[in-house]
Every structure is written in structure tokens, then in C-alpha cells.
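Peer 1: Numbering follows our numbering, with no gaps: position 252 of the sequence shown is 1602.
Virtual Cβ for every residue (Gly too), placed ideally from N, Cα, C.
Predicted model only: the values in this text are computed from it and were never measured.
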Amino acid sequence: MSHAPAAQPSEGEVRDFVALLKPRVMSLVIFTALVGIVRAPDALHPVLAAVSLLCIAIGAGASGALNMWWDADIDAVMTRTRGRPIPAGRIAPGEALAFGLVLSAGAVMVLGLAVNLLAAGLLAFTIFFYSVVYTMWLKRWTAQNIVIGGAAGAFPPMIGWAAVTGHISLESILLFMIIFFWTPPHFWALALLKSDDYARAGVPMLPVVAGADETRRQILIYSVLLAPLGVAPWALGFTGIGYGIASLGLGAMFLILAVRVWRQRQGEPAKTAARQLFAFSILYLFALFAVLLVEAVLPGAA
1351 MSHAPAAQPS EGEVRDFVAL LKPRVMSLVI FTALVGIVRA PDALHPVLAA VSLLCIAIGA
1411 GASGALNMWW DADIDAVMTR TRGRPIPAGR IAPGEALAFG LVLSAGAVMV LGLAVNLLAA
1471 GLLAFTIFFY SVVYTMWLKR WTAQNIVIGG AAGAFPPMIG WAAVTGHISL ESILLFMIIF
1531 FWTPPHFWAL ALLKSDDYAR AGVPMLPVVA GADETRRQIL IYSVLLAPLG VAPWALGFTG
1591 IGYGIASLGL GAMFLILAVR VWRQRQGEPA KTAARQLFAF SILYLFALFA VLLVEAVLPG
1651 AA
């Protein structure tokens, strides 16, 4: 009588499963979702606020695991991703898939039962949008993958807001729009530096499909749109003067660096300009949301 071979235990360590969650991306998700929670006009019990934040974080991590499961083939080709747990052989693809699906279902279910259905629905849509619409379809099909797919990364503050209020408002939409328009210049600056990697993997990022000069032009266009969007919460009276000053200064610096990327097109100066914009873009978003957070928790700061 034959027996099926026993399932082999995973060789992945805890840190490998943590890596599947894309902790650096998750940290940004947690931070922006927290800002959405504290900026909301209503109050949420601290325990429920913590549950909301945890569910949003787990949902983001689940999306990362599903992304790595699907993209394992191209991750193995690209130098910056070949050390990830699946292409490196430390975690089997099926384990990553099961891990992502279980976390996704758990996060959405708990958020819906403990907080409200709107927040849970937005979280479910975000996971679906990133895992299916972006990862499985847009990423390998169109050079506009980052533009459309960037919506997934823009939802966390809106989910946090909805967890507190049970609805969506103009202020939460503005937070969404800031991240949405920030995403293309942020990722395209990196893509300019890693275009050979994307070309080798067959991913139609903008520098690969349209060329570096068109990418620089698109970076400038989105930066011009982003700068006033960053100021809009203050201009519409949602924030204090501190945010207004910070958003004006940060937006001006973003534009200066984007113009530099547009102008510097050859050799090391071009790489330096792209590297500087990519690094500053992270600071830009963190600083904007940090000021929003400070204004919310320190009444005298607004």
C-alpha cells in the first residue's frame, strides 16, 4: 500500500516570513493610517484604534506576501530582489500564498467585526487592488502600472479615517490624493536607476518602454501636480499654519529636485539627481504626515 509523501516543514525562519510582509512598506502604511485615525473628527476607543491599525498593517503585509508569491519569477532575475525568501529558496511559493491569504482574510474579518464594515471593505479592496489588479495585471502589462497601482498605497489613511468615522470625507480624499500623486515620481526616480533590472525582468516600467527622457518629463509633470496638492489641506482650512509652511517648503524642494532630474540627463550627474529625488521623496511624505500627526496630538501646534 503506497502512501503520499509527508509534507516537509518549512525551511523558512521567522525573519523570512517577516520579509514576506515587506516591513519597510508596511511601516509607511502604518504611519499614514495612524494619521488618518488621529486626524478624523470623531473619537475611537484606543483599543479599537489599535485593532484598526493592526488590521491595516496585517492587510498591507498580506498584500506584500501575495505580491512576492506572484512575482517570484521576476524577483529571481532582478538584482535588488533576488535575495527575497522565495527566489532564494527559503520559503516555498505555496507557503507564501497560504500565508498571504490567511492574513488577508483574518485582517478584513477582524476589522469588519470589531470596527465597521466600510473600513473592512476598503481594506479588502486595497488588498485585492494591489495583489490582483496591480501585481497580476498592471505591473507586467502597462508602463502606467505605478500610476494606477499607486492607489493601493494611498488607501491606508482613508481606511484609518473610515475606521473612526464610518464614512469618507474630503480631508481623507486629499490624504489619498497626496500619496497617489507622490507615488509615480517616487518610483520612477528609482526606476531610472534600476532600468536595466526591469528590462532584464521584462517589466514594462516607464524608462524601459518610453525611455529615460520621457520618464524625466513625467516625473516633472507629477511633481508639479503634487506640490499644490500637498498644500491643499492647509489652503482648505483643514490644518494649521505649521503644516502650511512645511508643505510649501517641502513642495518647493520636491519641485527643485524634479527639475534637476529633468535637466540632468547624462552620466553620473543624472544618476545623482534621480537618487536625490528618490531619497527626498521619502522624507517629503514622512514630513508632511508627521506634521499632520503633531498638529492632531498637540493642540498648540496647529
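Can you tell which of 1554, 1385, 1433 has the C-alpha that lies nearest to the C-alpha of residue 1333?
Peer 2: Because the chain here runs from 1351 to 1652, residue 1333 falls outside it and cannot be looked at.
Peer 1: Keeping to the same chain, check which residues put their C-beta closer than 6 Å to that of residue 1483; ignore five residues upstream and five downstream.
Peer 2: Closer than 6 Å at Cβ, skipping near neighbours: no residue.
Peer 1: Might you give, ordered along the chain, the residues of its own chain that have their beta carbon closer than 7 Å to the beta carbon of residue 1526, omitting 5 neighbours on each side?
Peer 2: Apart from sequence neighbours up to five positions away, the residues of its chain that approach residue 1526 with a beta-carbon distance below 7 Å are 1504, 1505, 1507, 1508, ordered along the chain.
Peer 1: Would you report the Cα separation of residue 1553 and residue 1391, rounded to the nearest angstrom?
Peer 2: Residue 1553 and residue 1391: Cα-Cα distance of roughly 42 Å.
Peer 1: Pick helix, strand or coil for residue 1515, following the three-state DSSP scheme.
Peer 2: helix
Peer 1: Enumerate, from N- to C-terminal direction, the unbroken beta strand (DSSP E) stretches of 3 or more residues contained entirely within the stretch 1387–1446.
Peer 2: None, since the stretch 1387–1446 contains no complete beta strand (DSSP E) of that length.
Peer 1: Going by beta-carbon coordinates alone, are residue 1500 and residue 1488 separated by less than 7 Å?
Peer 2: It is not a contact, given that the beta carbons lie outside the stated cut-off.
Peer 1: State the DSSP-derived secondary structure class of residue 1379, mapped to helix, strand or coil.
Peer 2: helix
Peer 1: Tell me the DSSP secondary structure of residue 1465 in three-state form.
Peer 2: coil
Peer 1: Any idea if residue 1444 is buried or exposed, counting beta-carbon neighbours within 10 angstroms, 16 or more meaning buried?
Peer 2: A residue is called buried once 16 or more other Cβ atoms fall within 10 Å of its Cβ, and residue 1444, having fewer, is exposed.
Peer 1: Among residues of its own chain, excluding the 5 on either side of residue 1641, which ones have a beta-carbon nearer than 7 Å to its beta-carbon?
Peer 2: 1592, 1593, 1596
Peer 1: My output table needs one value for residue 1560: the three-state DSSP class, helix, strand or coil.
Peer 2: coil
Peer 1: Looking at the secondary structure, which residues open and close the alpha helix (DSSP H) in which residue 1626 lies?
Peer 2: First-last of the alpha helix (DSSP H) with residue 1626: 1617–1647.
Peer 1: Using C-beta distances below 7 Å, list every residue in its chain close to residue 1583, excluding the 5 sequence neighbours before and after it, in chain order.
Peer 2: Excluding positions up to five away in sequence, the list reads 1521, 1524, 1589, 1593.
Peer 1: Do three or more CB pairs link the stretch 1573–1580 to the stretch 1435–1451 at distances below 8 Å?
Peer 2: no
Peer 1: Locate the alpha helix (DSSP H) running through residue 1526, then write down its first and last residues.
Peer 2: For residue 1526, the uninterrupted alpha helix (DSSP H) segment begins and ends at 1520–1543.
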